[in-house]
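Residue numbers (the numbering used here): 4 to 421.
Where is the CB? At the ideal position from N, CA and C, for every residue including glycine.
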């Protein structure tokens, strides 16, 4: 039996994908998507990459034309998020005070940029980075060039923003708590690869260092004082220190929450008829038997599909291998796998870091658990990412020497293809 009506709390990729999947699966009931922003659902990855750089227009962030929602009888409540949920009554209250019942509810509220309790954080020219409006504003500030920019945070977003700011011809300094940027995500060797890439393009690093104060004059940012006592001049400051999953709705409704909204592999929460997907969902993954919360677009995309089918009573699970990508200067990188399983392993490198063309594999007990490809030719079939995913899901041990041996074609690393 299909629910008579479905409410989706969150107008991001997970929510929009769920709505599209519901209609594709033949669901004919009422669908309402409620979000905090004034824009129809959009993609986030281009915001810190090609859209920010002006290499792509509005169509690069569009998930579906706005007319699709009207044509498919999907009600968009923009600027009107779900304010509270009553699981017992199967109702939600929106921010405008209206109450609506649901047969099934999908919580896909996303995440909020983490802030820092810094003096001066309220000054003009200081911002976090998350939304389409953030990207538009930062592009306008960066595109003329000649500005002095300080990025606080040496994770993926901080590094992508630093690359964009430098490409526009601005003077960029990046602060981070790690000795090596991205080391927590991909280890010191590959983190150093990205640091060298940035330094070769004029980005300066202050590592490890943190901001202790943001200074200003007449309400406008003028600099960043670090914990080492250095005062860095700044016309623009972006705080990019990660995000916090939006769990307030779930917590207030009495749902089980732990580093996100806990779900089973089918994205069911602890409350009947309530599901969760996207950045806020901490879902049980069949491969590891552990809960994983991912903030990457592929998780939102696949999670939206799984949640929609689960709401329709189908036997489905979010069992895809996590994936993300980044573009920085002349480097295009793709990563598939489980960072938590790869955390203590040194990468096995096929190719050359110096040539900026290589594949890195991480192993646990001789089995590949994660892999990334950098500028690897996509014309070579199967692709590096397909090989990596097949090795991961196959759980087959492969000697490290064979992974690194460039004379062994990638497709011959997979036992079934050898």
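Near residue 72, what residues of its chain come up, given a Cβ to Cβ distance below 8 Å and the 5 sequence neighbours on each side ignored? Closer than 8 Å at the Cβ level, and outside the excluded window around residue 72, lie 22, 36, 43, 78 and 79.
Terminal residues of the continuous beta strand (DSSP E) containing residue 305? No beta strand (DSSP E) holds residue 305; the alpha helix (DSSP H) holding it covers 300–314.
Quick one: is residue 298 buried, meaning 16 or more other Cβ sit within 10 Å of its Cβ, or exposed? Classified as buried, residue 298 has 16 or more neighbouring CB atoms from the shown chains inside 10 Å of its CB.
Environment of residue 248 [buried if 16+ CB atoms lie within 10 Å]: In this structure residue 248 is buried. Its beta-carbon is surrounded by 16 or more other beta-carbon atoms within 10 angstroms.
Beta strand (DSSP E) segment containing residue 328, residue limits: Membership of residue 328 in the beta strand (DSSP E) is indicated by the continuous run 326–331.
Note down, in chain order, each residue of its chain lying with its Cβ closer than 8 Å to the Cβ of residue 290, except the 5 sequence neighbours on either side. Excluding sequence neighbours, residue 290 sits near 322, 324, 341, 395 and 396.
Step through the CB atoms of chain D and report whether any lies within less than 8 Å of the CB of residue 150. This model lacks chain D altogether, as it is built from one protein chain only.
If I follow the unbroken alpha helix (DSSP H) through residue 346, where does it start and stop? Segment: none, residue 346 is in no alpha helix (DSSP H) and carries neither H nor E.
Just the Cα atoms here: how many angstroms apart are residue 330 and residue 372? When rounded, the distance between both Cα atoms is 23 Å.
Among 202, 410 and 121, which one has its Cα closest to the Cα of residue 214? Residue 121 is the option with its Cα nearest to residue 214.
How many angstroms separate the CA atom of residue 229 from the CA atom of residue 235? Residue 235 has its alpha-carbon roughly 8 Å from the corresponding atom of residue 229.
Measuring only the C-alpha atoms, how far is residue 220 from residue 237? So the alpha carbons of these two residues sit roughly 12 Å apart.
If I'm right that residue 242 touches residue 119 with Cβ under 8 Å, what's the distance once you round it to whole angstroms? Going by Cβ atoms, the distance from residue 242 to residue 119 rounds to 6 Å, so yes, they are a contact pair.
Would you say the segment 127–141 touches the segment 267–278, given that touching needs at least three Cβ pairs under 8 Å? They do not touch, by the three-pair rule.
Coarse secondary structure for residue 211, derived from DSSP in three states: Note: residue 211 maps to coil in three-state DSSP.
Sequence ranges, beta strand (DSSP E) only - wholly within the segment 232–312, length at least 3: Taken in chain order, the complete beta strand (DSSP E) segments of 3 or more residues contained in the segment 232–312 are 234–236, 239–242, 246–248, 264–266, 277–279, 284–288 and 293–295.
Going by DSSP, what residue range makes up the alpha helix (DSSP H) through residue 19? The continuous alpha helix (DSSP H) containing residue 19 extends over residues 16–27.
Excluding the 5 residues preceding and the 5 following residue 420 in the sequence, name in chain order all residues of the same chain whose CB lies nearer than 6 Å to its CB. Model confidence at residue 420 stands at a pLDDT of 42, short of 50, so the residue's coordinates are unreliable and nothing is read from them.
Going along the chain, which residues of its own chain have a beta-carbon closer than 7 Å to the beta-carbon of residue 264, five neighbours each way excluded? Once the five neighbours on either side are set aside, the close Cβ partners of residue 264 are 110, 250, 253, 258, 272, 279, 283, 284 and 285.
Separation of residue 277 from residue 316, as counted between CA atoms: Using only the alpha carbons, I get a separation of about 13 Å.
Roughly how many angstroms lie between the CA atoms of residue 231 and residue 64, to the nearest whole one? Each residue's alpha carbon lies about 40 Å from the other.
Residue 418 to residue 403, Cα distance in whole Å? If you take the alpha carbons of residue 418 and residue 403, they lie about 15 Å apart.
If we ignore side chains and look at the alpha-carbon of each, how far apart do residue 132 and residue 339 end up? Approximately 24 Å between the Cα atoms of the pair.
Under 8 Å between the Cβ atoms of residue 224 and residue 127? Yes, Cβ-Cβ distance for residue 224 and residue 127 is below 8 Å.
Would you say residue 177 and residue 161 are within 8 Å of each other, going by their C-beta atoms? Yes. Within cutoff.
Using the three-state DSSP reduction, which class does residue 413 fall into: helix, strand or coil? Looking at residue 413 - three-state DSSP - the assignment turns out to be helix.
State the start and end residues of the unbroken alpha helix (DSSP H) segment that holds residue 140. For residue 140, the uninterrupted alpha helix (DSSP H) run begins and ends at 135–145, by DSSP.
How is residue 216 classed by DSSP in three states: helix, strand or coil? Three-state DSSP puts residue 216 in a strand.
Cα separation between residue 125 and residue 216? Between the C-alpha atoms of residue 125 and residue 216 there is a straight-line separation of about 11 Å.
Per the DSSP calculation, residue 127 is bridged to which residue(s)? In the DSSP assignment, residue 127 is bridged to 223.
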